[in-house]
Structure formats: structure tokens, C-alpha cells
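Numbering (the numbering used here), first residue to last: 302 to 424.
We treat Cβ as the ideally placed atom computed from N, Cα and C, and that holds for glycine.
Okay, structure first, notes after.
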């Protein structure tokens, strides 16, 4: 299954890349309507794909797809490669400072394509 828990049945899905473009256990950066997004693929997990903002809110740099994935207290997170804050993949919340979060979007696999919801062609 490749869909995060924030999925909405009524969401419009937009293809962003092929599954072959992803790296197992890591993040890949894509640009969707001018916005940098990090797609993470964790094959074999209950939820295999996540989409977060690629922008680290502490530095303003587009680096989160390059962070290290880790499981903390049963939830997958990415550690920013700059200042090392951890952001939960399922909701974008920073574990070190819960007042800070990054945007996250529903993501799924469909016919070999990675699709994301929450963006429209007008965004």
C-alpha cells in the first residue's frame, strides 16, 4: 500500500513521477507546480509512500529529501541534513519543536505512477 493516512477519497490525484524514479528507503525531490516536494518510499511498510515539503523550515533550504529516515516511537521520520530536526512523515510535525511542521500531502501508487493529492493544475 502506498498511501499516507491523510488521504481524502474526494482528492484529485496528480501523477508526479514513476515508481522507478524512487529510491527504496530514501527521499527524492520533485517540483510540483513550482513547489519543492520530498517523496519518500519505504517498501514493505504498512504505509509505503509519503510526501512532505522539501523545504526545511529552520534553514529555509530545500533539503528534506536528502535527510536520513528513521523510526522514532513507532513513527517514521526524516532527519533534516542541516540542523538534524526530525519531521514525522505522516503529519510533518517536528519532534523537537511540535509548534513547527512542514506541509504533507496524500500520496499513492497507481499503475506504476506515484500520485499526489492536494495540488491542482492551477496551483
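Check whether residue i and residue j have beta carbons under 7 Å apart
i, j, result
"residue 408", "residue 417", "yes"
"residue 388", "residue 333", "no"
"residue 331", "residue 338", "yes"
"residue 351", "residue 341", "yes"
Residues bridged to residue i (per DSSP)
i, result
"residue 420", "According to DSSP, which records beta bridges pairwise, residue 420 is partnered with nothing at all."
"residue 359", "In DSSP, residue 359 forms no bridge with anything."
Of the residues the options, the one placed nearest residue i, counting alpha carbons only
i, options, result
"residue 344", "359, 370 and 316", "370"
"residue 368", "383, 358, 374 and 359", "383"
"residue 405", "413, 385, 375 and 379", "379"
"residue 381", "315, 374, 348 and 396", "396"
Start and end residues, beta strand (DSSP E) containing residue i
i, result
"residue 351", "350 to 354"
"residue 331", "327 to 333"
"residue 404", "Segment: none, residue 404 is in no beta strand (DSSP E) and carries neither H nor E."
"residue 338", "336 to 342"
Straight-line Cα distance separating residue j from residue i
i, j, result
"residue 327", "residue 366", "7 Å"
"residue 415", "residue 398", "30 Å"
"residue 285", "residue 363", "In the structure as shown, the chain starts at 302 and stops at 424, and residue 285 therefore has no counterpart that could be examined."
"residue 322", "residue 401", "30 Å"
"residue 317", "residue 411", "11 Å"
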